[in-house]
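2 protein chains.
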Amino acid sequence: MERSAIPDSTSPEPGAESLESGCAPEAARDTAPAVTLLICTTCRAPGNDAPPDAERDGARLLASACAATVSDGVAVVGVSCLANCKRALSAAMVRRDGWTYVFGDLSPDSAADLLAGAALLAGSQDGLMPWRGRPDELKRGMVARIPPLSLPKETR
Amino acid sequence: MERSAIPDSTSPEPGAESLESGCAPEAARDTAPAVTLLICTTCRAPGNDAPPDAERDGARLLASACAATVSDGVAVVGVSCLANCKRALSAAMVRRDGWTYVFGDLSPDSAADLLAGAALLAGSQDGLMPWRGRPDELKRGMVARIPPLSLPKETR
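Protein chains in written order, with my numbering: chain A, 803 to 958; chain B, 803 to 958.
Okay, structure coming up:
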């Protein structure tokens, strides 16, 4: 399937060839990261009508994040499609035993804000990304959050 | 914090009091569910200007899902806020060792489609929700998907 396919009611999502690259070899890590930052490498910025085989804005965002200083406890991985195409560029953060976040309306220059948010999430006590101190781009660009299934449940 | 708060750039998300109810007691399950369907109980349908303390459309959707027949391997849980407010009503599905999906633009009548999608996801071989056979509402309403971190990674 062409990687530029955008999921909608007529075209299916790409398949499972998803986690495609990271900033550092897994073998180089002593411990599992507290937060994995997943950056969609297929996204094009709104209005970018470059040919499909041109470098994608999402791939530029990933490269920028990998070139930056990444906090301890944070891993950065490229993903071929997060299916958040309506609000590209897109990224997600998965906190181990905590919450998962999806962000949209990002730009190729969003690496610093994403890494700041990932560090906040990695250091949080309750597994949520604190609102205070969160970069504005990660407030405006909030798409969804998903709780960890380990949270206690009340039964009706 | 008031439960009707909607996350945006000025108002923070609700806290971590998130997984609030399920269709069946955990003790009644023999095994962990393959798929957990999380339904946002705070969402109001667009245009619904009922008072904040009126029953929420999302709570109606949860009640409808719990009243329906739920496939083996699927659990249904209410969540107080998935922060997908721009495309309410909202739900997420978490496949154990598989993909997580977020859906929006749902209605109080979407329970059957959500449960059909959850059953598809629970039965899939690759941890993805098949496109073929997926209810149209879960194609049009696709908000995001997040891969499992267990997928093999290539290192650049």
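Backbone N, C-alpha and C define an ideal beta-carbon position, used for all residues, glycine too.
Whole-Å CB distance - residue i paired with residue j, under 8 Å assumed
i: A:Gly880; j: A:Gly906; result: Wrong, their Cβ atoms sit about 17 Å apart, outside the cutoff.
i: B:Trp901; j: B:Arg947; result: 5 Å
i: A:Asp859; j: A:Pro910; result: 5 Å
i: A:Ala890; j: A:Pro848; result: 7 Å
Nearest-angstrom Cα separation, counted from residue j out to residue i
i: A:Asp939; j: B:Glu939; result: The sequence shown places Glu at residue 939 of chain A, rather than the Asp named in the question. Each residue's alpha carbon lies about 29 Å from the other.
i: B:Leu839; j: A:Asp855; result: 37 Å
i: A:Leu951; j: B:Asn850; result: 30 Å
i: A:Ser873; j: B:Ala893; result: 32 Å
i: A:Gly824; j: B:Pro853; result: 48 Å
i: B:Gly929; j: B:Arg897; result: 7 Å
i: A:Pro932; j: A:Ala885; result: 25 Å
i: A:Gly935; j: A:Lys941; result: 10 Å
i: B:Ala870; j: B:Ile841; result: 14 Å
i: A:Ala877; j: A:Lys888; result: 26 Å
i: A:Asp915; j: A:Val837; result: 15 Å
i: B:Glu815; j: B:Gly925; result: 33 Å
i: A:Thr844; j: A:Ala861; result: 7 Å
i: B:Leu908; j: B:Val945; result: 11 Å
i: A:Ser912; j: B:Ser912; result: 35 Å
i: A:Met895; j: B:Glu857; result: 32 Å
i: B:Val904; j: A:Gly875; result: 26 Å
i: B:Thr833; j: A:Pro949; result: 20 Å
i: A:Asp899; j: B:Ser882; result: 18 Å
i: A:Leu917; j: B:Leu917; result: 36 Å
Minimum Cβ-Cβ distance from residue i to chain A less than 8 Å
i: B:Glu857; result: no
i: B:Leu839; result: no
i: B:Arg872; result: The question names Arg, yet the displayed sequence has Val at residue 872 of chain B. No, its Cβ sits nowhere closer than 8 Å to a Cβ of chain A.
i: B:Asp899; result: no
i: B:Pro846; result: Before going on, a small fix: residue 846 of chain B reads as Arg here, not Pro. Chain A contact via Cβ: absent.
i: B:Thr902; result: yes
i: B:Glu815; result: yes
Contact with chain B by residue i, beta-carbon distance below 8 Å
i: A:Arg862; result: no
i: A:Val896; result: yes
i: A:Ala885; result: yes
i: A:Cys949; result: The sequence given here places Pro at residue 949 of chain A; Cys does not occur at that position. So yes, A:Pro949 belongs to the interface.
i: A:Ser811; result: Because A:Ser811 carries a pLDDT of 47, less than 50, the predicted location of this residue cannot be relied on, and the following value inherits that uncertainty. Interface residue, yes.
i: A:Met944; result: yes
i: A:Val876; result: no
Per DSSP, the bridge partner or partners of residue i
i: A:Leu840; result: A:Val879, A:Ala894
i: A:Gly824; result: A:Val879
i: B:Ala869; result: According to DSSP, B:Ala869 bridges with nothing at all.
i: B:Arg947; result: B:Tyr903
CB contact check: residue i to chain D, cutoff 8 Å
i: A:Ala852; result: The chain labelled as chain D is not found among the protein chains of the depicted structure, namely A and B.
Contact test: residue i Cβ vs the ligand GDP heavy atom, cutoff 7 Å
i: A:Ala914; result: Absence of the ligand GDP is noted for the structure shown, with no ligands found whatsoever.
Take every Cβ of the region 910-924 of chain B, pair it with every Cβ of the region 859-866 of chain A, and state whether three or more of those distances are shorter than 8 Å.
no
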